[in-house]
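Start counting the sequence shown at 974; every next residue gets the next number (the working numbering).
Positions of the beta carbon are idealized from the N, C-alpha and C atoms, including for glycine.
As the structure is a computational prediction, the values presented were derived from the model and not from experiment.
Taking it in order: structure first as structure tokens, then the write-up.
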Amino acid sequence: MAQKPSVSAAIPPGPYRRREESLLMVLSTLFGRSNMKIRKIRQDDIGGIVRIVHKIMGPKDAKIALNDINETLLEKRNSPFKFEEFFVIEISGQIAAAGGIWALKHDPNIARLDWFVVDPVQQRKGLGTMLLRQIERFTKKKNARIIIAETSSGS
């Protein structure tokens, strides 16, 4: 069985302006440029994100994630738990990673990272790093100085 190239082995020699540009280039090479994209969440992404949360954390957390994400996408009311922004990494039409940021409205210096998950099949490929960089860029544009992340070991 052929071994998949490691991310570090796939980085071609030469200088890069930013580390994330080289990581994006490597991941695009591994997954195919047209097959991978980072983008804002859409309503049809909810099932894929909840499936990943269920795999990693179990059914109880999957139900909570579903409610939290629905609060952001489907509800019109101004909730303190509504995500400011939620990003996904899509590979060949499937959600491979997701994560959202919220609470910037309440304290613009602090952002809370929530439901940051990478599908177990896609872990150890740099997707989490790339997604976190996207979220960091977003929070910097909002002038946040601190990102708080909660961790969970699953159910």
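Inter-residue spacing [alpha-carbon to alpha-carbon] between residue i and residue j
i     : j     : result
R1085 : Q1095 : 24 Å
E1063 : E1123 : 24 Å
R1097 : I1068 : 16 Å
G1021 : K1114 : 28 Å
T1112 : I1120 : 8 Å
R1106 : V1026 : 21 Å
P1092 : I1011 : The sequence shown places Asp at residue 1092, not Pro. One C-alpha to the other measures close to 15 Å.
Among the options, nearest to residue i - alpha-carbon criterion
i     : options                    : result
T1045 : A1076, A1069, I1025        : A1076
D1080 : Q1067, E1057, K1098        : E1057
A1117 : I1083, R1110, V1091, M1103 : I1083
S1125 : D1018, A1035, I1019, R1012 : A1035
D1041 : L1104, Q1016, I1029, S1065 : Q1016
N1008 : I1108, S1065, D1092        : S1065
I1014 : V1090, I1108, L1100, A1071 : A1071
Residues sharing a beta bridge with residue i, DSSP
i     : result
M1009 : I1064
D958  : For residue 958 there is no data in the structure shown, the boundaries of the chain being 974 and 1128.
F1056 : W1075
Close-in-space but distant-in-sequence residues of the same chain around residue i (CB under 6 Å, 5 per side omitted)
i     : result
G1073 : F1056, F1059, D1087, W1088
Below-8 Å beta-carbon distance, residue i vs any chain D residue
i     : result
T1102 : Among the chains of the structure shown, chain D does not appear; only one protein chain is present.
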